[in-house]
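End of the sequence shown sits at 617 in our numbering; the numbers just go up one at a time, nothing left out.
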Amino acid sequence: MIPAETAAEGGHTLPAEVCRAQLALILNSADFDATGRERRFLSHVVEETLEGRGDRIKAYSIAVEVFGRDMSFDPQTDPIVRIEAGHLRRGLERYYLTAGHNDPVLITIPKGGYVPTFSVRSPPETFEPPLPVAEKVTTPYRRMRASWLTVVLAAAVAALAVLALGLASSGVRPTSPEIPRLLVETFDDLSGTEASRAIASGLTQEIVGQLSKFKDVIVVQSSENSVAPSRFVLAGSVHLSADAFRLRVRFINRADGSVLWADSYDGEMKVAALLETETSIAQKVATSLAQTYGVIFQADASLNVSNPPDDWAAYSCTLSFYAYRATVDQTALPSVRACLEKAVERFPGYATAWGLLSQAYIDEIRFLPFDEAATSASIASALATAKRAVELDPLNIRGLQAEMFALYFSKEIEAALSVGKRALTINPNDTELMGEYGYRLALSGEWDDGCPLVEEARTRNPGPLAYYETALALCAYFRGDYPQAAMWIRKATVPGNANYHAIAAAIFGEGGYEADARRERVWLEENAPGLIKNLRQEVAMRIIRPKDVDFFLGSLKKAGLAFKDLAGQT
């Protein structure tokens, strides 16, 4: 039995947003054993109560409004509502005995009726919501930059040990990892003309198609036959004027109805350009929502799920990897790697986790001091793990991106770039891939082709800005624009990363910024002696053309850095 608690009654009423937040916890939990119809039942009665319409909650209204029965429904002869209410009560009781045993709010449906009650486990004056609830009007996602991601990283990495333990010992045994589900509703036609209906339908279908290129999101158009309920909804409307149309879209958290993101897009009604316009708008919407560090990532990364079940814990490992990569905090890498290893152990078919694990192995080469034996072992592990990801899902972009990395650091440059190009063809909306493929192109010597891709990725992706800015600094440096290179490297600031300081030293040394070059040289001497000892190997591992390597090393010497090259010369 659930322990008795203080009910929210009499002079005290729980805030509606607190109750909706608790409803979201329940609906998003794998421990809540309920069908889609039972979940709609619970959502309906909670919302009706919070809106002050509890007196309308009867068997008849539930049958008609939730279960879709016709107006002739007779609760005396058809017990469907009583049966489903019994199932729902048992599902709630089980939830509060498992994942919800520490939840601060209880939602129950007392026998003899269908109106829910809300009770608290702490005094009302000290009560806080169980998880953040988005404001009804949100800040545009592109404003949520590195400072927000740093907070997410701190929280995610701190929870990794708990997640790994949960993966090993949780009593709940889901068969697949958590993957966000997005219901795309047919956009409303506000103009009521044949043309507006066609545009509304065309935009809906095009957005579904573009979103479906992201394998880390499940896109559905109907919730009726869905195995699991969709946590998010994309809704919108189309309005026509004389020679143009406007699409307004909203991304909604289905559990509490909060609008997490909204935007509008305009297009001309010229027949020749209409299909191209629809595709362009759909690509922008899909990128905003589903890309790494996009709206869905931000929504899930900010959730605090206590005692997570296996499926959510595995998904959290992927979120933690992205948060780590936003800052390239080397101290977080071992925990992130361990979490991903647990995730693929628990879910061997999780292609995205395999791809990210491969990238974690590569990061042991990219961001840690050179060690020939360790480098060979990490590359072998990364390549095998990436191939496993691609075998599981040949269209999984994280797997293909990992394969590109592993081949690149194996010095199979042509093969690496071929994989990257193919992956970008599969999903040109994936700005994370776009930036990394562009950077590989540039570092292999194709600066004119690669650098514009990095710049576009930085413009469209709200995530690892410092990483892109460091890349753009290198782009400017190799085209001889040292003031521009200095601007980008000063903007980037990745204080704990030795590669960043080496690039900064080269830029400042070549550009004649003596004080800046001296500062970077001192940092490298004090904090990265291993990198200095193997500087040519470190640089040649990343920059492919020998003439580019020699130029970069010459710039480091201008910065005052003393090191031995392969010939033993200083």
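In this text, a Cβ means the ideal position worked out from N, Cα and C, and glycines have one as well.
For residue j and residue i, the rounded distance between their alpha carbons
i    : j    : result
S327 : R469 : 20 Å
V391 : I73  : 26 Å
A319 : R297 : 28 Å
L281 : A329 : 12 Å
P511 : A373 : 4 Å
P276 : E232 : 14 Å
A427 : L608 : 32 Å
Q4   : Y369 : Since the first residue of the chain shown is 48 and the last is 617, residue 4 is not available in this structure.
K262 : I246 : 26 Å
I550 : A361 : 35 Å
E131 : E85  : 7 Å
P81  : E140 : The identity of residue 81 in the sequence shown is Ala, whereas the question assumes Pro. In a straight line, the C-alpha of A81 is about 11 Å away from that of E140.
A513 : P576 : 23 Å
G467 : L578 : 28 Å
A606 : A562 : 9 Å
R487 : V152 : 50 Å
V331 : M118 : At residue 331 the sequence reads Lys, which differs from the Val that was named. For K331 and M118, the distance between alpha carbons rounds to 43 Å.
A520 : R537 : 9 Å
R393 : D357 : 8 Å
A289 : A333 : 27 Å
E483 : D440 : 20 Å
L61  : Y371 : 37 Å
V65  : L350 : 15 Å
Coil, strand or helix - residue i by DSSP
i    : result
V375 : coil
V342 : helix
I226 : coil
R301 : coil
F79  : coil
G159 : coil
R565 : helix
G485 : helix
T626 : What the structure shows of the chain is the stretch from 48 to 617, and residue 626 is not part of that stretch, so it cannot be assessed.
E572 : helix
S428 : helix
D121 : coil
E232 : coil
L281 : strand
R293 : strand
E479 : helix
F555 : helix
Given residue i as reference, the closest of the options once Cα atoms are compared
i    : options                   : result
E225 : A462, P511, E479 and A398 : A398
V167 : F344, A453, R526 and G147 : G147
E479 : P381, A242, S108 and A449 : A449
Y107 : D121, A433, S311 and L61  : D121
L500 : L139, P509, F525 and L471 : L471
Q406 : N508, N574 and G446       : G446
A379 : G527, D410, I460 and V596 : D410
G527 : P509, R507, I536 and I554 : I554
G485 : E503, P381, Q338 and D235 : E503
A63  : E98, V332 and Y312        : E98
D310 : L321, K317, L294 and N300 : L294
A429 : A77, F456, N443 and N574  : F456
Beta-carbon contacts of residue i that lie in its chain and below 8 Å, excluding the five residues immediately before and after
i    : result
L70  : L89, S90, V93, I154, A302 and D303
N544 : V375, Q377 and F414
D612 : L582, R583 and L600
V541 : T374, V375, A513, Y514, T517 and Y547
H134 : A81, T82 and E85
N443 : K262, A398, T399, G402, A436 and V437
Beta-carbon proximity of residue i to residue j, cut-off 7 Å
i    : j    : result
V162 : T222 : no
A518 : Q531 : no
S259 : V267 : no
G239 : E325 : no
L403 : L387 : yes
I156 : R136 : yes
R278 : R228 : yes
A552 : E567 : yes
Chain-order list of residues whose beta-carbon lies under 6 Å from that of residue i (same chain, five-residue window excluded)
i    : result
L237 : S284 and H286
W570 : H548
V113 : R87, F88 and H91
R505 : Y515
C498 : A489 and C522
Own chain partners of residue i with C-beta closer than 7 Å, once the 5 adjacent residues on each side are dropped
i    : result
G138 : F79, D80, A81 and E85
V255 : V231, V266 and Q268
G556 : A564, S602, L603, K605 and A606
R507 : T334 and T478
W535 : E516, L519, A520 and A523
F525 : W494 and D595
I591 : I460, L490, S491 and G492
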